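In the working numbering, the protein residues as written are 557 to 869.
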């Protein structure tokens, strides 16, 4: 059973998104963000750097070890780096005692594959030649950011570049064909991407299984565009978290299956009744706090052997 707070927030979300959902409009392309200039919390340092010609944000907590977290933000290729992701970077930096790098790739409805995948990999490869040497880092990505993360790791593996010690994927959007059964199962449950209950799934299946214009003319099962179809052998251990009411729930299950088939340790945690990116959108909910504790424990454990080795040198 989910918390009362989550029930109330879910109902409010359903009401707020109704005008978009009844038109099958994309939330990520419909909601305009009003961003103020970013100011890090007291004691944190913040810098804007460039790797491979790509802007990367760096945040360092007051007390930090040698570990690094690399963040790939989501947003369906149209939402830029924003306060929500900077808050997540702050939370990870403070709780894990790590420096957090966030790839601030370009966004916009006019981009098509492989533009953003190439951009993120350029940043990843350049970071590997400088601050990420030795694999002493964990990569985290949510939604479309999980897609970009997995693509970067696939390319890094094939090119012989360092892979993260571990990866964290949240509310994955990694099957651009949107083929999963959860699109039907959760079509009326999902408060963000579902449809009003009066609508019939069969009549509106194409709108629910919406194909992103970012895909362009690329086959939807291309493993770089859709890592759900990739061979994931040689990948690091993974933590996968998602909401049980997401239309894209199957994407997270496909990733879990793919990692296990590749012989990689993976843990999938589905939070019943929760929605896409719930822990980013509403971090103070009981379920969100539990999710963040799980992420912090996973990252800390993944980095602790490497941090210890660095300190002993």
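Don't be surprised by glycine CBs; every beta carbon is placed ideally from N, CA and C.
None of these values were measured; they are calculated from a predicted model.
DSSP bridge partner residues for residue i (one or two, in chain order)
| i | result |
| --- | --- |
| residue 698 | 726 |
| residue 655 | 624 |
| residue 761 | Its beta-bridge partners do not exist; DSSP assigns none. |
| residue 707 | Beta-bridge pairing links residue 707 to no other residue. |
| residue 796 | 725 and 824 |
| residue 580 | BP columns for residue 580 are empty, so no partner. |
| residue 603 | 614 |
| residue 693 | 624 |
Terminal residues of the alpha helix (DSSP H) in which residue i lies
| i | result |
| --- | --- |
| residue 673 | 671-684 |
| residue 572 | 560-577 |
| residue 739 | 738-741 |
Run of the beta strand (DSSP E) containing residue i, from where it starts to where it stops
| i | result |
| --- | --- |
| residue 611 | 610-616 |
Member of the options whose CA lies at the smallest distance from the CA of residue i
| i | options | result |
| --- | --- | --- |
| residue 722 | 626, 600, 809 and 733 | 626 |
| residue 814 | 792, 604, 715 and 830 | 792 |
| residue 802 | 570, 564 and 561 | 570 |
| residue 606 | 659, 574 and 577 | 659 |
| residue 779 | 847, 703, 720 and 846 | 703 |
| residue 833 | 859, 849, 800 and 812 | 800 |
| residue 857 | 640, 762, 653 and 748 | 653 |
| residue 714 | 578, 787 and 609 | 787 |
| residue 762 | 812, 821 and 750 | 750 |
| residue 711 | 742, 674 and 621 | 674 |
| residue 698 | 730, 681 and 677 | 730 |
| residue 564 | 624, 830, 851 and 855 | 830 |
| residue 789 | 795, 572, 821 and 770 | 821 |
| residue 902 | 628, 638, 639 and 781 | What the structure shows of the chain is the stretch from 557 to 869, and residue 902 is not part of that stretch, so it cannot be assessed. |
| residue 578 | 707, 748 and 651 | 748 |
| residue 618 | 638, 649, 610 and 733 | 649 |
| residue 825 | 818, 796 and 781 | 796 |
| residue 559 | 853, 752, 828 and 855 | 828 |
| residue 706 | 812, 562 and 557 | 812 |
| residue 744 | 655, 566, 602 and 562 | 566 |
| residue 854 | 781, 794 and 843 | 794 |
| residue 611 | 574, 676 and 655 | 676 |
| residue 770 | 732, 843, 602 and 609 | 732 |
| residue 623 | 562, 657 and 639 | 657 |
| residue 655 | 615, 754, 575 and 581 | 615 |
| residue 709 | 591, 781 and 572 | 781 |
| residue 608 | 561, 557 and 661 | 661 |
| residue 768 | 700, 601, 557 and 573 | 700 |
| residue 859 | 783, 638, 784 and 620 | 620 |
| residue 574 | 741, 753 and 591 | 753 |
| residue 851 | 742, 581 and 651 | 651 |
| residue 764 | 742, 638 and 783 | 742 |
| residue 816 | 843, 784, 798 and 835 | 784 |
Contact with chain D by residue i, beta-carbon distance below 8 Å
| i | result |
| --- | --- |
| residue 853 | Of the protein chains in this structure there is only one, and it is not chain D. |
**Prompt:** Would you call the stretch 831-851 and the stretch 639-652 in contact, with 3 or more CB pairs under 8 Å?
**Reply:** Contact between the stretch 831-851 and the stretch 639-652 is present, with at least three C-beta pairs closer than 8 Å.
**Message:** Would you call the stretch 649-669 in contact with the stretch 629-637, where contact means no fewer than 3 C-beta pairs closer than 8 Å?
**Reply:** With three or more CB-CB distances shorter than 8 Å, the stretch 649-669 counts as touching the stretch 629-637.
**Message:** Under 8 Å, with one C-beta from each stretch per pair, do the stretch 733-749 and the stretch 788-807 reach the 3-pair mark?
**Reply:** Contact holds: three or more Cβ-Cβ distances are below 8 Å.
**Item:** At least 3 beta-carbon pairs within less than 8 Å: the stretch 760-777 vs the stretch 594-610
**Value:** The stretch 760-777, when compared against the stretch 594-610, does not touch it at the 8 Å Cβ threshold.
**Prompt:** Considering only residues of the stretch 806-851, which uninterrupted beta strand (DSSP E) runs meet the minimum length of 3 residues and lie entirely inside it, listed in chain order?
**Reply:** Within the stretch 806-851, the complete beta strand (DSSP E) runs of at least 3 residues are 822-827.
**Message:** Three Cβ pairs or more, each shorter than 8 Å: is that satisfied between the stretch 746-762 and the stretch 683-691?
**Reply:** Verdict: no, contact absent.
**Prompt:** At a cut of 8 Å, does the stretch 844-864 reach the stretch 713-733 through at least three beta carbon pairs?
**Reply:** In short, these stretches touch, since the Cβ pair count reaches three.
**Request:** Please confirm if the stretch 692-701 is in contact with the stretch 711-721, defined as three or more CB-CB distances below 8 Å between the two stretches.
**Result:** In short, these stretches touch, since the Cβ pair count reaches three.
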